[in-house]
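Worksheet for the structure shown next.
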Amino acid sequence: MMKNFNQFDQRLREKAKAEEIDMPQGFNERIDHLLENLAEAQAEQQIGDNKAYKSRNGRKRSKFSSIAAAAAVILLLPTVIAFTSPQAVNMAEGAISYFNAPKEFKYLSKQAEYEKYNAAVDLCSTDQGISITLNNIAVDDNYINVFYTLESEEPIQLLGDADTPEQWRLGWTAAHFWFKADGRYIEPAAQGETDAYLVDQHTMKGMQRFALLDQLEDNFNLEMYTNWIGNREGQWHIAVNVDKSSVAVAGNTVLPNLKASVTSGWGEKTAEHDITVKKVSISPFGSQIVLSERGENIFYNFAVRDEKGNYLPVIPAGQIASKIFKVDNSFEFIPKTKNMKQVTIIPIMDDGHSQLQFIDQETLLAQLNDGQSVKLAVNDSGSYVLESLKIDQEKMVAVLHQEGAVSVINPEFMPADETGQLLQCAEYVDHEYNRENGEITLTYYWGKDVTQEDLEEIKGFCYWTNYDFQLSEDEAITIDLN
Numbered sequence: 001m002m003k004n005f006n007q008f009d010q011r012l013r014e015k016a017k018a019e020e021i022d023m024p025q026g027f028n029e030r031i032d033h034l035l036e037n038l039a040e041a042q043a044e045q046q047i048g049d050n051k052a053y054k055s056r057n058g059r060k061r062s063k064f065s066s067i068a069a070a071a072a073v074i075l076l077l078p079t080v081i082a083f084t085s086p087q088a089v090n091m092a093e094g095a096i097s098y099f100n101a102p103k104e105f106k107y108l109s110k111q112a113e114y115e116k117y118n119a120a121v122d123l124c125s126t127d128q129g130i131s132i133t134l135n136n137i138a139v140d141d142n143y144i145n146v147f148y149t150l151e152s153e154e155p156i157q158l159l160g161d162a163d164t165p166e167q168w169r170l171g172w173t174a175a176h177f178w179f180k181a182d183g184r185y186i187e188p189a190a191q192g193e194t195d196a197y198l199v200d201q202h203t204m205k206g207m208q209r210f211a212l213l214d215q216l217e218d219n220f221n222l223e224m225y226t227n228w229i230g231n232r233e234g235q236w237h238i239a240v241n242v243d244k245s246s247v248a249v250a251g252n253t254v255l256p257n258l259k260a261s262v263t264s265g266w267g268e269k270t271a272e273h274d275i276t277v278k279k280v281s282i283s284p285f286g287s288q289i290v291l292s293e294r295g296e297n298i299f300y301n302f303a304v305r306d307e308k309g310n311y312l313p314v315i316p317a318g319q320i321a322s323k324i325f326k327v328d329n330s331f332e333f334i335p336k337t338k339n340m341k342q343v344t345i346i347p348i349m350d351d352g353h354s355q356l357q358f359i360d361q362e363t364l365l366a367q368l369n370d371g372q373s374v375k376l377a378v379n380d381s382g383s384y385v386l387e388s389l390k391i392d393q394e395k396m397v398a399v400l401h402q403e404g405a406v407s408v409i410n411p412e413f414m415p416a417d418e419t420g421q422l423l424q425c426a427e428y429v430d431h432e433y434n435r436e437n438g439e440i441t442l443t444y445y446w447g448k449d450v451t452q453e454d455l456e457e458i459k460g461f462c463y464w465t466n467y468d469f470q471l472s473e474d475e476a477i478t479i480d481l482n
């Protein structure tokens with residue numbers, strides 16, 4: 001029996017409403033830190049309120065709450081213990097034990113880069129019967145990557161219930177660290193990226209990828225800390241002295257602080273944005289653009305193009321917004337080459353309304369079996385290209401890549417019957433981006449009640465198209481890289 005595709009989303013929403021949030025230690029200090037620029041924020045011209053417009057499935061794109069957005073920046077930042085003479089670590093070549101497991105890793109495409117530039121640490125912090133050992137750390141201009149082993153005296157209990165995907169439960173249970181550099185808080189990006197797996201009932205191997213919105217010195221004292229692991233409260237703290245100079249020469253970072261006015265939306269639903277391009281960086285562990293803005297509806301839908309005319313994938317991720325503070329948001333993109341000379345940001349005008357396009361399964365499989373990829377045009381300027389498709393009793397896996405300009409949103413490739421009606425077979429879907437070659441892997445996991453008869457109803461697939469789509473070349477912003 002097929003399940004409603006939105007049941008799991010609804011279950012998460014109900015849990016979130018019931019969740020209690022404790023005020024972390026150090027909250028007042030964090031407030032003071034963010035209020036430093038409040039006077040400047042009040043003096044600047046307020047960006048007008050913009051109406052939310054509908055997304056491709058008819059639902060409204062969520063309008064960010066300024067209060068909640070500010071809270072997203074300042075909550076969950078615990079107290080840190082002072083330290084002296086931390087262990088010095090240099091980024092150098094070395095194996096990372098985290099990858100020694102028979103599983104697919106979220107950031108497997110970056111393993112070679114991590115193992116080229118990382119430091120073995122082997123420092124441990126223990127509290128409440130839980131020990132965290134920092135095995136390796138890899139830092140460049142854009143990301144702090146920590147690889148650790150968690151050992152618990154009691155069996156590790158994964159957060160969430162049995163109906164929740166295990167990988168999500170592992171992510172919720174894993175350690176989520178915050179960081180300080182030379183005694184100052186490192187402002188967190190909106191997206192929190194973790195990956196983890198269980199070695200046994202008492203041992204977990206984990207990884208956290210933390211985006212750096214600002215430029216750090218090549219040598220600095222780094223503190224990593226957390227007050228919560230799973231449902232256990234405590235104090236875990238590790239300090240090292242980081243030298244990332246060897247990685248810095250392998251990247252290219254510019255800090256233009258370029259102010260610009262851009263437009264998003266469509267027709268009467270346009271929004272004006274006053275943004276600052278703070279940072280553009282190509283680095284071994286990932287490339288990013290950092291934009292600063294104040295307002296409820298932030299600027300997030302744009303194309304990225306290099307000097308050779310290649311449109312580069314921008315990985316969709318969570319963002320924050322605030323009517324009170326200027327906030328920084330990180331947009332990760334995948335360059336064609338690390339030696340690119342120029343980055344151009346082109347605003348996308350998009351009315352948010354899309355239509356489903358149907359493709360027959362028989363025609364599609366014949367083309368794939370003949371060694372041909374299948375082009376899925378989503379607008380007049382860009383497409384997704386389907387490279388492979390596999391379906392079994394547990395899931396469907398589609399591998400695509402982007403060609404041309406597309407909106408910053410995850411692609412979808414959904415099973416349908418012979419009439420083009422969507423089949424609600426999937427319990428949930430994962431989107432994974434290969435950060436080296438830009439491949440996008442969509443994995444649709446079937447619900448537990450889906451039968452073979454249900455799967456035999458699949459006669460084709462649907463994807464979203466939007467031809468009310470326009471690149472605002474007159475508002476394009478070009479950044480030269482050194």
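Take the sequence shown: its letter number 402 is residue 402 in the numbering used here, and every next letter is one higher. Just so it is clear, CB atoms sit at the ideal spot from N, CA and C, and this is done for glycine as well.
Under DSSP, the beta strand (DSSP E) around Y467 begins and ends at which residues? Y467 -> no beta strand (DSSP E), and no H or E assigned at all.
Work out the CA separation of T276 and D350 for me, nearest whole Å. 22 Å
Please confirm whether any heavy atom of the ligand NAD lies closer than 7 Å to the CB of Q87. In the structure on display, the ligand NAD does not appear, and there are no ligands present to speak of.
Segments assigned beta strand (DSSP E), at least 3 residues, entirely inside the region 242-295: 252-254, 258-264, 271-282, 287-295
Please look up how many angstroms separate the CB atoms of E223 and A239, rounded, as I've assumed it's under 8 Å. 5 Å
Can the beta-carbon of E187 be found closer than 8 Å to that of Q208? no
Suppose the cutoff is 6 Å on Cβ atoms and the five residues either side in sequence are ignored; what does the same chain contact list for N489 look like? Coverage of the chain is limited to positions 1 through 482, which leaves residue 489 absent and any answer about it impossible.
Segments of 3+ residues assigned as beta strand (DSSP E) that fall wholly inside the region 161-213: 178-181, 193-200, 203-211
Going by DSSP, what residues sit across from I440 in a beta bridge? L400, Y433
Report yes or no: do the region 326-334 and the region 292-299 share at least 3 C-beta pairs separated by less than 8 Å? yes
If you draw a straight line from the alpha carbon of G404 to that of T443, how long is it in whole angstroms? 23 Å
Below 8 Å, can you find three or more Cβ-Cβ pairs linking the region 363-381 to the region 463-481? yes
Where the beta strand (DSSP E) through E93 begins and ends: Unbroken run through E93: none, as it is neither H nor E.
Reduced DSSP secondary structure (H/G/I, E/B, other) of S109: helix
Start and end of the beta strand (DSSP E) containing S355? According to the sequence provided, residue 355 is Gln. The question's Ser does not apply to it. Its beta strand (DSSP E) spans residues 355-360.
Would K448 be called buried (16 or more neighbouring beta carbons within 10 Å of its own) or exposed? exposed
Can you give the beta carbon distance from Q342 to I479, rounded, assuming they're within the 8 Å contact cut? 7 Å
Is E456 helix, strand or coil when you go by DSSP? helix
May I ask you to list the residues that DSSP assigns as paired with K323? The partner list for K323 (beta bridge, DSSP) is empty, contrary to what the question assumes.
Is there contact here, the region 136-156 with the region 279-290, by at least three beta-carbon pairs under 8 Å? yes
Alpha carbon to alpha carbon, how far is C425 from V495? Give it in angstroms, no decimals. For the chain, the structure presents residues 1 to 482; residue 495 sits outside this window and is missing.
Quick check: what's the CA-CA separation for D417 versus F461? 8 Å
What are the residues that DSSP puts in a beta bridge with V240? Q87, L222
Short check: CB of V399 to CB of E453, under 8 Å? no
Backbone CA spacing between T149 and E166 [nearest angstrom]: 19 Å
Between Y178 and A189, what straight-line distance do the alpha-carbon atoms span, to the nearest angstrom? What sits at residue 178 in the sequence shown is Trp, not Tyr. Approximately 11 Å between the Cα atoms of the pair.
Which residue or residues does DSSP assign as beta-bridge partners of M414? C462
How would you label E113, buried or exposed, when you count the other beta carbons within 10 angstroms and need 16 or more for buried? buried
6 Å Cβ shell around A260 - same chain, five flanking residues per side excluded: I275, I477
How close, in whole Å, do the beta carbons of F333 and L312 come, if the pair is a contact with beta carbons under 8 Å? 5 Å
Can you tell me which of L422, I132, T126 puts its alpha carbon nearest to the alpha carbon of Q357? L422
Between A119 and A95, is the Cβ-Cβ spacing less than 8 Å? no
Helix, strand or coil: which one does DSSP assign to N118? strand
Option nearest I137 by Cα separation, candidates V247, T126, E151: V247
Which word fits T226, buried or exposed, when buried means at least 16 other C-beta atoms lie within 10 angstroms of its C-beta? buried
By a C-beta neighbour count over all protein chains shown, 10 Å radius and 16 as the cutoff for buried, is N145 buried or exposed? buried
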